[in-house]
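In what follows, a structure is listed as structure tokens, so that the remarks can point back to it.
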Amino acid sequence: MGAPVVGDLVWARIKGFPWWPGQVFDESNEFVTKKARAAKKPGCALVAFFGDGTFGWFSSGDIRPFEENYKEFSKASNKKQ
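One gets this note's numbering by counting positions in the sequence shown from 1 and adding 7 to each.
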């Protein structure tokens with residue numbers, strides 16, 4: 008995957024958690040929280056997670072294209088941790 012762009016549907020991962028679906032956002036979007044803006048990491052993409060409304064900044068190593076990885080990651084996302 009090249010660098011993610013605003014609007015991309017992606018899977019992102021926080022250490023210790025399964026891959027989770029989300030969408031790449033522009034930090035100037037009105038729905039992005041002040042807390043998310045304050046946590047900005049240079050060179051990282053801002054992802055809004057589906058289901059809980061949280062945001063995170065991710066390097067390209069922790070983001071995967073949604074459609075290409077749906078079969079694999081959707082199974083892991085449904086398992087209880």
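Where a beta carbon is used, it is the ideal one built from N, C-alpha and C, also for glycine.
Proximal residues to residue i (C-beta, below 8 angstroms), its chain only, five neighbours per side dropped
i	result
Q30	G14, D15, L16, V17, V54, A55 and F57
F73	D15, L16, V17, W18 and P28
Local Cβ density within 10 Å of residue i, reported as buried at 16 or more and exposed below that
i	result
A10	exposed
A52	buried
F62	buried
A43	buried
F38	exposed
DSSP three-state assignment for residue i, whether helix, strand or coil
i	result
F38	coil
A19	strand
F62	strand
Q88	Confidence at Q88 is low in this model, with a pLDDT of 49, below 50, so its placement is unreliable and the value that follows should be read with caution. In this structure, Q88 counts as coil in the three-state DSSP scheme.
A10	coil
K80	Residue identity check: residue 80 is Phe in the sequence provided, not Lys. DSSP places F80 in helix when its eight states are reduced to three.
A43	helix
Own chain residues within Cβ distance below 6 angstroms of residue i, not counting five before or after
i	result
R20	W26 and D69
Q88	Low confidence applies here, because Q88 scores a pLDDT of 49, under 50, leaving its location unreliable; read the following figure in that light. There are no such residues.
F80	W18 and W26
Beta-bridge pairing of residue i - partner residues as DSSP gives them
i	result
A71	It is worth fixing the name first, because residue 71 is Arg in this sequence and not Ala. Looking at the DSSP assignment, R71 forms a beta bridge with W18.
Beta strand (DSSP E) segment containing residue i, residue limits
i	result
V54	A52 to F56
W27	W27 to F32
Own chain residues within Cβ distance below 7 angstroms of residue i, not counting five before or after
i	result
T40	F62
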